[in-house]
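Below is one structure, written out as structure tokens, with a few remarks after it.
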């Protein structure tokens, strides 16, 4: 017998191998479990974020602003889809965590059909600024919600007076956020801010009020009314998608007002019957409208408004 | 040879004992995991239902200011004419993600029935969404406004309620 030898029985070998397999399986199971729990938590945060946007929407107010504080550093994914009668607004969230990868894929999407969120496709931060504006064309179509991270800064260079007053009322006078600045030139803007020009070029966002166009990231889109803010704060792809979704809603609303007009004209000796053709035509026109020609709807929209305003006793909207 | 045979059997027995112990431990942890997964699944289902309930409560607060229901320029006024014609608009199926949505006249009462083209506006309620399973409806008072054709036409507003509830999870 070799006295310097070490007895290592098969039983021990078997136990060590099986033990090692169990440890590997347990570590794998734990990491999968953590991933699943994080997915569930992120999905819940996305659903709660969607709910939080409800109070931001306007009622009879023209606009509202707020700041949303998140639990920690968070990524918000904004996805817009045009499919279906009204398109889809999807919000997903990924939270930063210490275990596992720093940023994992986001949780499940929180899907709504009646919200229109204009933002970058991914926003990252622990605080998010938001404001909403009522969009009317000529009747109220929806509330537009604009959101951006505390880490994104916007500098409006020599804006028109009405925009200056609006930004002042929403943010500046209350010191609600330091991410919006007004400046007389690009050199006065805070560092690393997105510059927005109204009467000059060489800015990140160039707005032409004569042609109702916004040039951003090499793409030109058109706007009507508060959609200008959507073109400023949102990525071009999201802006175009949301505009088409809004037009779908405008089309359905026109048909609803058409039904109302038909009913009222039977009650009231034909009152508002002169609007019915225009409402049907407006419904068809909005269905074909995109972000490249939304400004052209202004003529039809103003025409409908004039017809409605002329009705004394049976206004449709 | 007999001595060698006995030693070999003892080793085999020990391995078999260890194998059974390991299988027992695996079964025990599997049962613990199944138990935990069942409890977690139930609580997840409850959390989803609570979020849906919160969503329905928020919708009931905001739905009156939605363009499909709002009466222009009045904060808590619902356009009863639009709401009535919304019943037939198939395009709005699933739009509000609700299981139940109903508008009811509180005062003055005109009757007890559901509004139809033959009895509108002399009716009590307009049910827009009525799925097979829904939770306890949240409700709020609203002003129900509509066009009236008497005296040359005027706007008539009455007291009403709006009920909304989320869809129950299967």
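Protein chains in written order, with the numbering used here: chain B, 102 to 418; chain E, 1088 to 1257.
Each residue gets a CB set at the ideal place from its N, CA and C atoms; glycine is no exception.
As the structure is a computational prediction, the values presented were derived from the model and not from experiment.
* Local conformation of residue 184 of chain B per DSSP, three classes -> coil
* Asked: Between residue 181 of chain B and residue 315 of chain B, what straight-line distance do the alpha-carbon atoms span, to the nearest angstrom?
  -> 20 Å
* To do: Identify each residue in the stretch 242 to 257 of chain B for which the Cβ-Cβ distance to at least one residue of chain E is less than 7 Å, and report them in chain order.
  => 242 and 243
* **Same chain only: Cβ atoms within 7 Å of residue 82 of chain B, ignoring 5 sequence neighbours per side** => With chain B running from 102 to 418 in the structure shown, residue 82 of chain B is simply not present.
* To do: Taking 9 Å as the cut-off, decide whether the C-beta atoms of residue 271 of chain B and residue 299 of chain B are in contact.
  => no
* Completely contained alpha helix (DSSP H) runs for the stretch 194 to 274 of chain B, where each covers 4 or more residues -> 262 to 268
* Minimum Cβ-Cβ distance from residue 1243 of chain E to chain B less than 9 Å -> no
* Asked: If you measure beta-carbon to beta-carbon, which residues of the stretch 1117 to 1148 of chain E are closer than 7 Å to chain B?
  -> 1131, 1134, 1138, 1141, 1142 and 1145
* Backbone CA spacing between residue 207 of chain B and residue 150 of chain B [nearest angstrom] -> 14 Å
* To do: Evaluate contact between the stretch 1213 to 1226 of chain E and the stretch 1180 to 1190 of chain E, counting only Cβ atoms and requiring at least three cross-stretch pairs below 8 Å.
  => yes
* **For residue 127 of chain B and residue 1117 of chain E, the rounded distance between their alpha carbons** => 12 Å
* To do: Mind listing the chain B neighbours of residue 1236 of chain E? Cutoff is C-beta to C-beta under 8 Å, in chain order.
  => 368 and 369
* Are the beta-carbon atoms of residue 217 of chain B and residue 236 of chain B separated by less than 9 Å? -> yes
* Asked: According to DSSP, is residue 1108 of chain E helix, strand or coil?
  -> helix
* chain E contact for residue 210 of chain B (CB, 9 Å cutoff) -> no
* In three-state DSSP terms, what is residue 119 of chain B? -> helix
* Asked: Skipping 5 residues on each side, what residues in its chain have a beta carbon closer than 7 Å to that of residue 277 of chain B?
  -> 166 and 168
* residue 364 of chain B at chain E interface by Cβ criterion, 9 Å -> yes
* To do: Show which residues of chain E have a CB atom less than 8 Å away from the CB atom of residue 353 of chain B.
  => 1176, 1178 and 1179
* How would you label residue 378 of chain B, buried or exposed, when you count the other beta carbons within 10 angstroms and need 16 or more for buried? -> exposed
* Asked: Cβ of residue 1226 of chain E less than 9 Å from any chain B Cβ?
  -> no
* Is residue 170 of chain B helix, strand or coil by DSSP? -> strand
* What residues of chain B sit near residue 1102 of chain E, judged by a beta carbon separation below 8 Å? -> 111, 112 and 115
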